[in-house]
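J.:
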Amino acid sequence: MKLTPAQTTQFLQKPDSAKRVILVYGPDAGLVSERVKMLALLVVPDPDDPFRTAHLTAAAVADDTARLYDEMAAQSLGGGRRLIRLSAAESATGAIASLLKDPPPTDSLLLIEAGDLDKKSKLRLLCENEALAVTIACYAEEGAARQRTIADILQAEGLRIDRDALMALADILPSDRMAMRSELEKLALYARGQKEISLRDIEAVIQDAGAAELDDLIYAVASGDAARSGTLMARLWEEQTSPVAILRAAQRHFMRLAQARAQMDEGLNAAEAVKRLSPPVFWKFENAFAAQLRRWSSARIEAALSRLYEAEAAVKRTGIPDQTLCAQLLLRLTG
Amino acid sequence: MKLTLERAALLKSLGHVQSVVERRNTIPILANVLIRAQQNAVSFAATDMEIEINESVDGQVGKPGALTAPAHTLYEIVRKLPEGAQVDLTAANSNQLTLSSGRSHFKLGCLPIDDFPKMPEGDLKQKFTLSAADLRTLIDRTRFAMSTEETRYYLNGIYLHTAKNKNVEVLRAVATDGHRLARVEMPAPRGAKDMPGIIIPRKTVNEVRKLIDEASGDIEIALSEAKVRFTFDGVVITSKLIDGTFPDYERVIPTGNDKLMQVDTRAFAAAADRVATISSEKSRAVKLSLTPGHMVLSAHSPEAGSATEELEVKYDGALLDVGFNARYMLDILQQIESEGVSFSLADATAPAIIQDVADASALYVLMPMRV
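Dropping the structure here:
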C-alpha cells in the first residue's frame, strides 16, 4: 500500500500494527533516516537493543533464503516485539515477496530503508501492491512546506522566526533533512536565551563555506583533478573536517552518479540524465557532473562506492591513520 | 641479513603470522611480515593495526639484520618447497630479499622496516595464567554465538570478565548474537580478580584459538581496558579490544523455567539435523512436541513436504510444543560433550536454558521461534 503525504503523517504517529513490512525510500536520505528512526522507536524503546532488533543487509538476505523468515519468526530473547531492519537493495525482493505471501505468526516488523527507488523498482512495486506492506516516500520539501518544516523545528526548540529570516534560511539550508536539522540545531544552540531568530543570527551561524569546499573536493575527485583534490583536502584537514564526513559526501555523490549513469545506460545522454536527478544538480555544477558521467562507467562507480564504504568502515576503527587512508582512496579515485 | 631455517619451522611461523595479514590492504606495509634475525633467533611479526603477532624460532643466523617482505607471497613460496628443505634468506640491503632452497631462487621486493607499525606497549597491568586447555574451553564453548553483524560491533567478540557465582569468584566468557547466548565459567585464576570486563574481537579469538590448538602449557594473559596480550611457546599476540559496552546479558537468562527435559545428545542432534533438511529452504524451524517420556521432532515446508522423528526423553511436564531454529540448536548441541543434554523450558515463547547434564560450567540460552 502506498501512503500519501497526509496518510504518512498520520501513520508516523500511529502505525497500523497489521502492517508487517514498511518500506521507507526516497531521494532525501536524511528524511528517510529520520522516519526510519521514528518508526523504529515506536516498536522498540531502544533500537540498539541487540535482543530485540536485528540489522540485516540485502546481501545477507539474498545469500540465505531462510534468514529473513527466521528473523521474523524468532521470538525476542528479552521479551517484547521484534524489529528487523533491512538496508534495501532490489536483491532482497524475492525473500520479501515470499515472506509477505506466508508471514510467520509473530508481530515482528520489517523496516526497510532504501535510497531513491524509481517507479519500476520491483521492491517498491511489491510493497505498494501488498496489503501487509506500506511504502513511505521521502522527497525533499520545497516552497511553503519546507518553510513550515523549518519553522516547526525551530518552534520545537522554543524559537520564533520572522518571514525574511525564514525565507533566507529556506534558501541557504541543505535540502537533506538530517543536514538541515543539524544546521537548525546549531542555530538554536547559538540563539539560546533568545525568543526569535534574526537574519543576523543566520549569517553568524549558518555557514555553507565548509559544505561548498567539501562539494568542490568531491567534484574534483570525480572529475579526476588530483592536484585540486590534494589542495582542497589539505584545507579541509586544517578545518578539522572528519574523514567520515568526506567519505560520506563522496558516497552520496557517487550514488547520484550511479543513478544518472543508469539512465545513460538506458539510452539518455549525459545532459538529459543530469536533468532527471532529484534533487536537481546545482546549475553551476551541471556541466561538470555531465562530464563525470562520461568519465565513469556504472561498473567503475559501483567499485568506487564499494571502496568508499570499506574505507568508512576502516577509518572508524581505532588507531587507523584515518586522514591518510581517506586521502589515499580519494586520490586513487582521481586516477 | 643472512639466515637459514628448516622449511617446516619457517612454514609454521609464517603460517601463524600471515593469517593476521589481511588479503586486501589499503596500507602496503600491512601486507608484509617483519623478519628480524639476531644471534641464532629469528622473529616474525605481522599486524593489521588491530592485532600484532610476534613469533620467535631458533635459526642459524649468518648475519643479523631485519627487513619486511610480502607475507602471503613468502608463505606460498615456502609452502610449495619440498619437505625437509633448508631455506636460506639473504638480503644485501633492505630493498630486496633473496630466498634460496636447492635449485629454487626467488627475489622479493621489501618495504622499509621503519614503515612497519609498532603497536604501543601500553600498560597491561592485569596479569594471570590459564592452561591452554582452559582457554580452549572458554573459546570453544562461546565463539559460535558471537555476532557477525557489523552494526553490533560490541557483540562481535567474546566478553571476558569476572563475576561471583554462589560466592565463588569465576572467570566468565560470554557471547551472544541476540538469538542465542553462550556462557561458560571457571574458578577465576589468581590475578584475574577485579579485572575490567573486556570484549575480545572475533578475529583475535579465532587467531588465538588456532595458535593454541597444539599448545599444552600455560598461556599468560595480560590486559588493560584497551588491550589484551597472550604469550605462550615463543608467540606473543597483542590485540586491541572492542571499545563498547557488552549488554546486560543476565537479564535474558531465565530463572523460573520449571519444565525439565533430558535427552541423549547425539541422538537428538542427529534427529534434529535430519528433520531440518525439510525446512532449510524457507525457514530453519523445527518443532519439538513434548509429552511425558516422549518427544516428536517435526518440520514442515509447503514446498518441500514434512518430516517427523520420535525420541525417548526424560520429561514429566505438561504437553508442550516449542519451535527452535535448527541451526542455532545444533550449534549448541555440538558444544555438549557428555551423553545427555538438558532443556529447561517455561513455554513456547520464553527462552530455553540448555546445559550439559555432566557439566554445569557452560550454559546456553536459546530463543524459540513461532512455528
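Note that the protein sequences, when read in sequence, are chains A and B. For what it's worth, the numbering used here labels the leading residue of the first sequence as 188, then goes sequentially. For what it's worth, the numbering used here labels the leading residue of the second sequence as 20, then goes sequentially. By construction, the Cβ of each residue, glycine as well, lies at the ideal position given by its N, Cα and C atoms.
So, do the stretch 379–390 of chain B and the stretch 338–356 of chain B have three or more beta carbon pairs nearer to each other than 8 Å?
T.: yes
J.: Measuring CB to CB, does G417(A) end up less than 8 Å from R482(A)?
T.: Position 230 of the first sequence, counting from 1, holds the residue named residue 417(A). Position 295 of the first sequence, counting from 1, holds the residue named residue 482(A). Not closer than 8 Å, so no.
J.: Report all residues from its chain with a CB closer than 6 Å to the CB of S75(B); omit the five preceding and five following residues, and keep chain order.
T.: Counted from its first residue, the second sequence places residue 75(B) at position 56. Result list for S75(B): A60, S62 and G253, in chain order.
J.: Please check if any C-beta of chain B sits within less than 8 Å of the C-beta of P234(A).
T.: On the first sequence, residue 234(A) is found 47 positions in, with the first residue counted as 1. No, its Cβ sits nowhere closer than 8 Å to a Cβ of chain B.
J.: Going by alpha carbons, who is nearest to A286(B) out of C129(B), G103(B), Q105(B) and L349(B)?
T.: Numbered from 1 along the second sequence, position 267 holds the residue referred to as residue 286(B). It is L349(B) whose Cα lies nearest to the Cα of A286(B).
J.: Could you tell me how far apart the beta carbons of M9(B) and A261(A) are, in whole angstroms, since I believe they sit closer than 8 Å?
T.: For chain B, the structure presents residues 20 to 390; residue 9(B) sits outside this window and is missing.
J.: With H, G and I counted as helix, E and B as strand and the rest as coil, what does DSSP make of Y172(B)?
T.: Taking the second sequence and counting its residues from 1, one reaches residue 172(B) at position 153. Helix, per DSSP.
J.: Which residue wins for smallest C-alpha separation from E271(B), given the options G263(B), A194(B) and K212(B)?
T.: Here residue 271(B) is taken as the residue at index 252 of the second sequence, counted from 1. Per the sequence shown, the amino acid found at residue 271(B) is Val instead of Glu. The option with the nearest alpha carbon to V271(B) is A194(B).
J.: K137(B) to A28(B), Cα distance in whole Å?
T.: If you number the second sequence from 1, residue 137(B) lands on position 118. If you number the second sequence from 1, residue 28(B) lands on position 9. Cα-Cα distance, rounded: 25 Å.
J.: Please confirm if the stretch 299–314 of chain B is in contact with the stretch 247–267 of chain A, defined as three or more CB-CB distances below 8 Å between the two stretches.
T.: Yes, the stretch 299–314 of chain B is in contact with the stretch 247–267 of chain A.
J.: Which partner residues of H242(A) appear in the DSSP bridge assignment?
T.: Taking the first residue of the first sequence as 1, we reach residue 242(A) at position 55. Under DSSP, H242(A) forms a beta bridge with R272(A).
J.: Just mark L154(B) as buried or exposed, buried being the case when its beta carbon has 16 or more other beta carbons within 10 Å.
T.: Working through the second sequence from its first residue, we reach residue 154(B) at position 135. Burial call: buried.
J.: Quick one: complete beta strand (DSSP E) runs, 3+ long, within the stretch 102–149 of chain B?
T.: 105–109, 115–120 and 123–128
J.: Note down, in chain order, every chain B residue with its Cβ under 8 Å from the Cβ of D523(A).
T.: Past the boundaries of the shown model lies residue 523(A); chain A is included only from 188 to 522, so the question cannot be answered.
J.: Report yes if the CB atom of I261(B) is closer than 8 Å to the CB atom of G176(B), and no otherwise.
T.: Locating residue 261(B) in the second sequence gives position 242, counting from the first residue. Locating residue 176(B) in the second sequence gives position 157, counting from the first residue. Contact flag set, yes.
J.: Is E370(A) closer than 8 Å to V435(A) when the C-beta atoms are compared?
T.: Taking the first sequence and counting its residues from 1, one reaches residue 435(A) at position 248. Taking the first sequence and counting its residues from 1, one reaches residue 370(A) at position 183. What sits at residue 435(A) in the sequence shown is Arg, not Val. With respect to the 8 Å criterion, R435(A) and E370(A) are not classified as neighbours on the basis of their beta carbons.
J.: Run the CB neighbour count on L338(B), radius 10 Å, all protein chains shown included, and call it buried at 16 or more, exposed below.
T.: Taking the second sequence and counting its residues from 1, the one referred to as residue 338(B) is at position 319. That one is exposed.
J.: Would you say E69(B) reaches chain A, if we count a Cβ-Cβ gap shorter than 8 Å as a contact?
T.: Counted from its first residue, the second sequence places residue 69(B) at position 50. Judged by the 8 Å Cβ criterion, E69(B) is in contact with chain A.
J.: Could you spell out where the beta strand (DSSP E) holding G84(B) opens and where it closes?
T.: Numbered from 1 along the second sequence, position 65 holds the residue referred to as residue 84(B). Counted as a single uninterrupted DSSP element, the beta strand (DSSP E) harbouring G84(B) occupies residues G84 to P89.
J.: Have a look at the DSSP bridge pairing and note the partners of R202(B).
T.: Walking along the second sequence from the start, residue 202(B) turns up at place 183. Partner(s): V193(B) and L382(B).
J.: With a CB to CB cut of under 7 Å and the five nearest residues on each side skipped, what residues in its chain are close to E358(B)?
T.: Locating residue 358(B) in the second sequence gives position 339, where the first residue counts as 1. Within the same chain, E358(B) has close Cβ partners D283 and T284.
J.: For T327(B), would you say it is in contact with chain A, using Cβ-to-Cβ distances shorter than 8 Å as the test?
T.: Position 308 of the second sequence, counted from the start, is the residue given in the question as residue 327(B). Judged by the 8 Å Cβ criterion, T327(B) is not in contact with chain A.
J.: Check for me: the beta strand (DSSP E) holding V74(B) runs from which residue to which?
T.: Here residue 74(B) refers to the residue found at position 55 when the second sequence is read from its first residue. Val is not the amino acid found at residue 74(B); the sequence shown has Glu there. Here the beta strand (DSSP E) through E74(B) covers I70 to D77.
J.: Return the chain-ordered list of same chain residues with a C-beta closer than 8 Å to the C-beta of S263(A), the five sequence neighbours on each side being excluded.
T.: Taking the first sequence and counting its residues from 1, one reaches residue 263(A) at position 76. These residues qualify, in order along the chain: F238, R239 and R269.
J.: Interface residues of chain A around L174(B) at Cβ under 8 Å?
T.: Taking the second sequence and counting its residues from 1, the one referred to as residue 174(B) is at position 155. Chain A residues near L174(B): P237.
J.: Cα-Cα, which of Y173(B), K259(B) and L30(B) is closest to P266(B)?
T.: One-based indexing of the second sequence puts residue 266(B) at position 247. The option with the nearest alpha carbon to P266(B) is Y173(B).
J.: Are N184(B) and E204(B) close, meaning C-beta to C-beta below 8 Å?
T.: Position 165 of the second sequence holds residue 184(B). Position 185 of the second sequence holds residue 204(B). Yes, these two residues count as a Cβ contact at 8 Å.
J.: So which residues on chain A does T368(B) lean against when the C-beta distance must stay under 8 Å?
T.: The residue labelled residue 368(B) in the question sits at position 349 within the second sequence. Residues of chain A passing the Cβ test: Q262.
J.: Within 10 angstroms of its Cβ, does P311(B) collect 16 or more other Cβ (buried), or is it exposed?
T.: Within the second sequence, residue 311(B) is the residue found at index 292, counting from 1. Classification for P311(B): exposed.
J.: For P192(A), which three-state DSSP category applies?
T.: Counted from its first residue, the first sequence places residue 192(A) at position 5. Note: P192(A) maps to helix in three-state DSSP.
J.: Shorter than 8 Å from the beta carbon of P311(B) to some beta carbon of chain A?
T.: Here the question's residue 311(B) lines up with position 292 in the second sequence. For P311(B), the answer is no, since every Cβ of chain A falls outside 8 Å of its Cβ.
J.: Does DSSP put A396(A) in a helix, a strand or coil?
T.: Residue mapping note: residue 396(A) aligns to position 209 of the first sequence, counting from 1. Since pLDDT at A396(A) reaches only 48, below the 50 mark, its modelled position is unreliable, and the value read off the structure follows with that caveat. The answer is helix: DSSP assigns A396(A) an H, G or I state.
J.: Is any heavy atom of the ligand ZN found at a distance shorter than 7 Å from the C-beta of L270(A)?
T.: This structure lacks the ligand ZN, and indeed carries no ligand of any kind.
J.: On a Cα-Cα basis, can you pick out the residue from L297(A), L228(A) and R422(A) that is closest to A205(A)?
T.: Residue mapping note: residue 205(A) aligns to position 18 of the first sequence, counting from 1. When each option's Cα is compared against that of A205(A), the closest is L297(A).
J.: Does the CB of P292(A) have a neighbour CB from chain B at under 8 Å?
T.: Position 105 of the first sequence, counting from 1, holds the residue named residue 292(A). Yes, its Cβ sits closer than 8 Å to a Cβ of chain B.
J.: Below 8 Å on C-beta distance, what does Q384(A) contact in chain B?
T.: Within the first sequence, the letter at position 197 stands for residue 384(A). In the sequence on display, residue 384(A) carries Ile and not Gln. What I384(A) touches in chain B: nothing, since even the nearest Cβ is about 37 Å away.
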